[in-house]
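Respectively, the protein sequence lines represent chains A and B.
Residue numbers for the first sequence, in the working numbering: 132 to 245.
Residue numbers for the second sequence, in the working numbering: 71 to 183.
For every residue, glycine included, the Cβ atom is placed at its ideal position computed from N, Cα and C.
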Amino acid sequence: NAGVTQTPKFRILKIGQSMTLQCTQDMNHNYMYWYRQDPGMGLKLIYYSVGAGITDKGEVPNGYNVSRSTTEDFPLRLELAAPSQTSVYFCASRATGEGNYGYTFGSGTRLTVV
Amino acid sequence: ELKVEQNPLFLSMQEGKNYTIYCNYSTTSDRLYWYRQDPGKSLESLFVLLSNGAVKQEGRLMASLDTKARLSTLHITAAVHDLSATYFCAAMNYGGSQGNLIFGKGTKLSVKP
Chain A
132 NAGVTQTPKF RILKIGQSMT LQCTQDMNHN YMYWYRQDPG MGLKLIYYSV GAGITDKGEV
192 PNGYNVSRST TEDFPLRLEL AAPSQTSVYF CASRATGEGN YGYTFGSGTR LTVV
Chain B
71 ELKVEQNPLF LSMQEGKNYT IYCNYSTTSD RLYWYRQDPG KSLESLFVLL SNGAVKQEGR
131 LMASLDTKAR LSTLHITAAV HDLSATYFCA AMNYGGSQGN LIFGKGTKLS VKP
């Protein structure tokens with residue numbers, strides 16, 4: 132039972148570089164989310180998706196893009212990395228329907244932009 | 071706009087003592103979540119509270135929800151070192167087209183012998 136899998140676990144980027152953070156879930160969950168966690172802070176929502184082909188902005192979407200071509204995958208793209216994007220990124224998913232309230236979080240990607 | 075505030079942000083306890091973490095949220099929400107995070111790790115779900123007056127307990131932790139006061143509490147009974155972690159509350163936000171979680175800043179708990 133893999134749950135939510137994020138890759139890579141760690142990454143160092145130079146300013147201006149681009150990268151994609153991968154997120155895959157094998158639970159057939161419709162809802163998927165990307166959060167970032169800065170030191171000493173809670174999680175802030177970047178983007179979310181309610182199903183394949185549907186995405187929407189969260190609280191802090193600037194500098195990021197997402198796509199959802201399949202139910203399983205929800206990659207997060209950083210086009211021009213900036214030091215302010217140094218953070219830990221968590222992907223999460225949840226099922227829909229009556230009684231389905233729990234979120235499953237991935238293990239996180241620790242990103243440093245230098 | 072839904073805001074979630076936790077207090078205290080830091081808590082140093084002695085083993086065997088009791089304490090309560092408070093979570094206030096600013097607008098109506100009908101779901102309140104509590105998570106635990108160990109250093110460098112992901113979030114582990116502790117409780118989901120779905121209705122006014124809901125109370126859930128697991129071991130030395132007990133969570134409650136008062137939707138009228140917009141307050142949830144996480145009570146720690148007879149703390150042990152293994153409970154040292156950061157605890158987050160999160161409230162469901164229905165401000166957009168779909169619900170999503172708004173997190174507090176977390177309470178870093180340190181339990182000392």
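query: Restricting to runs no shorter than 3 residues, where is the beta strand (DSSP E) found entirely within the region 156-182 of chain B?; result: 170-173, 177-182
query: What does G176/B reach in chain A if we use C-beta pairs closer than 8 angstroms?; result: G171, M172, G173
query: If you draw a straight line from the alpha carbon of I172/B to that of P183/B, how long is it in whole angstroms?; result: 34 angstroms
query: What's the gap between the Cα of M132/B and the Cα of L176/A?; result: 27 angstroms
query: What are the residues that DSSP puts in a beta bridge with Q107/B?; result: L113/B, T156/B
query: Could you run through the region 194-218 of chain A and flag, in chain order, every residue whose CB is less than 9 angstroms away from some CB of chain B?; result: none
query: With a threshold of 7 angstroms on Cβ separation, who are the neighbours of S154/B within its own chain once the five nearest residues in sequence on each side are excluded?; result: L179, S180, V181
query: Run through the DSSP bridge pairs and tell me what F80/B is partnered with.; result: K178/B
query: Near M162/B, which residues of its chain fall below 7 angstroms by C-beta distance, leaving aside the five closest residues on each side in sequence?; result: S99, D100, R101, G169, L171
query: Who are the neighbours of N170/B on chain A, taking C-beta pairs under 7 angstroms?; result: Y164, L176, Y179, G189
query: My assumption, with CB atoms under 8 angstroms, is that Y89/B sits in contact with M83/B. Please give the rounded CB distance.; result: 6 angstroms
query: Residues of chain A with CB closer than 7 angstroms to the CB of R106/B, please, in chain order.; result: Going along chain A, no residue has its Cβ under 7 angstroms from R106/B, so there is no contact; the nearest lies around 11 angstroms.
query: Since Y234/A and S115/B should fall inside the 8 angstroms C-beta cutoff, what is the C-beta to C-beta distance between them, to a whole number of angstroms?; result: 7 angstroms
query: Could you check whether the Cβ of Y220/A sits closer than 9 angstroms to any Cβ belonging to chain B?; result: no
query: Residues in its own chain within less than 7 angstroms of S142/B by CB, not counting five upstream and five downstream?; result: C93, L102, L119, A133, S134, L135, C159
query: Please check the pair P78/B and T177/B, which I expect to be a contact at CB under 8 angstroms, by giving their CB distance rounded to whole angstroms.; result: 6 angstroms
query: If the cut is a Cβ gap below 9 angstroms, which residues of chain A does R101/B touch?; result: Y232
query: Put H160/A into one of helix, strand or coil per three-state DSSP.; result: coil
query: At a CB-CB cut-off below 9 angstroms, which residues of chain E make contact with L120/B?; result: Absence of chain E from the displayed structure is noted, the protein chains being A and B.
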